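**Q** Mind looking over this structure? Questions follow.
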Amino acid sequence: MILHTFSWAIAVDMTDGKITRAYPARVRYRGFGEQNNTDGYIKVSKYLKENADELEIESRE
793 MILHTFSWAI
803 AVDMTDGKIT
813 RAYPARVRYR
823 GFGEQNNTDG
833 YIKVSKYLKE
843 NADELEIESR
853 E
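Per the working numbering, numbering through the sequence shown is continuous, rising by one, with the last residue being 853.
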């Protein structure tokens, strides 16, 4: 979401369902609609909740 604030995004190329390249790309729009932001925050919160123990261990490595 932060990248879109400055008109940037991360683009990816895929081959056979696998990411083969990732790179920054300029976009013409900034940000997302309110519902997209809300849905995104919910997904991030759920991910953090489900993976908190593993993320905490990784942060100490």
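Ideal Cβ positions, reconstructed from N, Cα and C, are used throughout, including at glycine. Quantities reported herein were computed from a predicted structural model and do not represent experimental measurements.
#1: Report all residues from its chain with a CB closer than 8 Å to the CB of ALA817; omit the five preceding and five following residues, and keep chain order.
#2: Assign TYR821 to one of three DSSP states: helix, strand, or coil.
#3: State the beta-bridge partners of ASP831 as determined by DSSP.
#4: Mind checking who TYR815 pairs with in its DSSP beta bridge?
**A** On the basis of the supplied data:
#1: Result list for ALA817: TRP800, ALA801, ILE802, ALA803, in chain order.
#2: Coil.
#3: ASP831 pairs with nothing; no bridge assigned.
#4: Note: TYR815 sits in a beta bridge opposite ALA803.
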